[in-house]
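What follows is a short report on a single structure.
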Amino acid sequence: MPTEVQEQTLTFEELMAGLKEMHRLILWNDDHNTFEHVIHCMMKYLDYTEGQAEKIAWKVHNEGKCPVLEGSFTEMEVYRKILQQEGLTVSVE
664 MPTEVQEQTL TFEELMAGLK EMHRLILWND DHNTFEHVIH CMMKYLDYTE GQAEKIAWKV
724 HNEGKCPVLE GSFTEMEVYR KILQQEGLTV SVE
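The C-terminal residue of the sequence shown carries number 756 in the working numbering, and the numbering is unbroken.
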């Protein structure tokens with residue numbers, strides 16, 4: 664399933680500021696991803712166990728979103744792009 668990914672250009676100052684602050688990767692509920700796909704992606708890319716990934720999928724389903732990872736802005740951007748390429752709806756806060 665092809666997904667359009669919007670590219671974003673950051674300045675050096677924005678990248679450096681992102682290294683100092685902690686950011687969260689947020690997984691959002693959507694109408695096109697199955698529980699199985701979300702669980703698969705959480706296990707494959709974020710090293711969650713099947714049980715942990717299932718809890719995340721249910722939290723996203725019931726609450727609309729769930730933080731799934733925390734780290735530098737640069738790290739979160741890498742994972743955001745990977746998960747977006749898998750069709751998941753994610754953002755960095």
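Don't be surprised by glycine CBs; every beta carbon is placed ideally from N, CA and C. Predicted model, so just to flag it, every value in this text is computed and none were measured.
Within 8 Å, strictly: CB atoms of residue i and residue j
i, j, result
"Val755", "Leu746", "no"
"Glu726", "Arg687", "no"
Extent of the continuous beta strand (DSSP E) to which residue i belongs
i, result
"Thr752", "Thr752 to Val755"
"Leu732", "Lys728 to Gly734"
"Leu690", "His686 to Trp691"
Same chain only: Cβ atoms within 7 Å of residue i, ignoring 5 sequence neighbours per side
i, result
"Glu684", "Phe736"
"Phe698", "Ala720"
Residue nearest to residue i in terms of C-alpha spacing, selected from the options
i, options, result
"Tyr711", "Glu738, Met739 and Val731", "Val731"
"Ala723", "Gln671, Asp693, Thr672 and Glu749", "Note on identity: in this sequence residue 723 is Val, with Ala being the wrong assignment. Considering only alpha carbons, the answer is Asp693."
"Arg743", "Phe698, Thr674, Met705 and Glu726", "Met705"
Residue range of the unbroken alpha helix (DSSP H) whose run includes residue i
i, result
"Glu749", "It is not in any alpha helix (DSSP H) - Glu749 carries neither H nor E in the DSSP assignment."
Spatial neighbours of residue i in its chain, beta-carbon cut-off 6 Å, leaving aside the 5 residues before and after
i, result
"Trp691", "Lys728 and Thr752"
Cα-Cα separation between residue i and residue j, rounded to whole angstroms
i, j, result
"Thr674", "Glu749", "27 Å"
"Ile689", "Met739", "9 Å"
"Ile702", "Gln669", "24 Å"
"Lys707", "His700", "10 Å"
"Glu713", "Val741", "22 Å"
Closer than 7 Å: residue i CB and nearest the ligand SAH heavy atom
i, result
"Gln715", "By its list of ligands, the structure shown contains no ligand whatsoever, and the ligand SAH lies outside what it can speak to."
Residues near residue i by beta carbon distance below 8 Å, same chain, minus five either side
i, result
"Gln715", "Met705"
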